[in-house]
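Numbering (this note's numbering), first residue to last: 304 to 545.
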């Protein structure tokens, strides 16, 4: 009876530990924007996080379409070893005012293509970093429709837009939520300076590292719980034998 009770206790602890781990580890099922939010009117650095969902093929190209209904005057890619980034511009229906200048065209598409020998293999993911600005102040969401191409020719279209009150679509487009800027916050003197970009990227990296640390901490707790449960079961079995 004691042995049966011990097995049940271990089983319950393992199930609970699994649930805790599942809730703590972020899902990489979709192409997403990280971090998922930024302030309206500001400049930010984001990463398009691309998981490889195929068990047999590898990702070799990513195409991201930028919204021309909310164009941004400054779009820059961060170099990524093994990948070549190409930006395409399109004419704007209405010129965009940027620091007193009239901008008549803006970046409408970024394509990252893997160099020979480079790929996102099964079970892996990659992040493609971009700086954006100035972010629009007349919307609370930017949608970036994306195409993910595999080396077997398959193209996954992450272009479906989510709707309030509706279930998440099967292939949702990556989105960036825009929040209102705090009234007391001061605008940086030079949005294009290397220092500003570096600070933004450092903050994003710190947030990512913090999330990783929390996840690893939870994994450690799970391992500890399972180990303790197995130890208790062993003691109970020895007691029963004695």
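Don't be surprised by glycine CBs; every beta carbon is placed ideally from N, CA and C.
Thinking C-alpha only, which one of the options is nearest residue i?
i           : options            : result
residue 356 : 484, 424, 485      : 424
residue 434 : 351, 333, 335, 426 : 351
residue 399 : 390, 409, 392, 333 : 409
residue 458 : 430, 422, 365, 439 : 365
residue 417 : 387, 367, 403      : 387
residue 422 : 469, 384, 483, 470 : 384
residue 332 : 468, 484, 451, 469 : 451
residue 391 : 463, 371, 403, 397 : 371
Closer than 6 Å by C-beta to residue i: which residues in its own chain qualify, once you throw out the five before and the five after it? Chain order, please.
i           : result
residue 401 : 376
residue 381 : 432
residue 394 : 408
residue 379 : 434
Ordered along the chain, which non-local residues of its own chain (more than five positions away) have a Cβ less than 7 Å from that of residue i?
i           : result
residue 442 : 373, 481
Pull up the CB-CB distance for residue i and residue j, whole angstroms please, since I reckon it's below 8 Å.
i           : j           : result
residue 479 : residue 412 : No, residue 479 and residue 412 are not in contact; Cβ-Cβ is about 16 Å, not under 8 Å.
residue 344 : residue 465 : Incorrect: roughly 24 Å between the Cβ atoms, too far for contact.
residue 461 : residue 334 : 5 Å
residue 354 : residue 447 : Not confirmed; about 16 Å, so no contact.
Applying the 10 Å Cβ sphere with the 16-neighbour rule, what's the burial state of residue i?
i           : result
residue 362 : buried
residue 553 : The structure shown has nothing for residue 553, since the chain only spans 304 to 545.
residue 477 : buried
residue 419 : exposed
residue 456 : exposed
residue 473 : exposed
residue 389 : exposed
residue 444 : exposed
residue 341 : buried
Which residues in the same chain have their Cβ closer than 8 Å to the Cβ of residue i, if we skip the five residues on either side of it in sequence?
i           : result
residue 359 : 425, 455
residue 406 : 374, 376, 395, 398, 399, 400
Mind checking whether the beta-carbon of residue i lies closer than 8 Å to any heavy atom of the ligand SAM?
i           : result
residue 352 : Of the ligands one can find in the structure shown there are none, so the ligand SAM has no counterpart to examine.
Fill in: Every unbroken beta strand (DSSP E) inside the segment 449-491 [3 residues or more]
Counting whole runs of 3 or more residues, the segment 449-491 contains the beta strand (DSSP E) stretches 458-461, 478-482.
Discussion item. Suppose only complete runs of 4+ residues qualify. What are the alpha helix (DSSP H) ranges in the segment 387-444, listed by chain order?
Written reply: Counting only runs of 4 or more, we get nothing.
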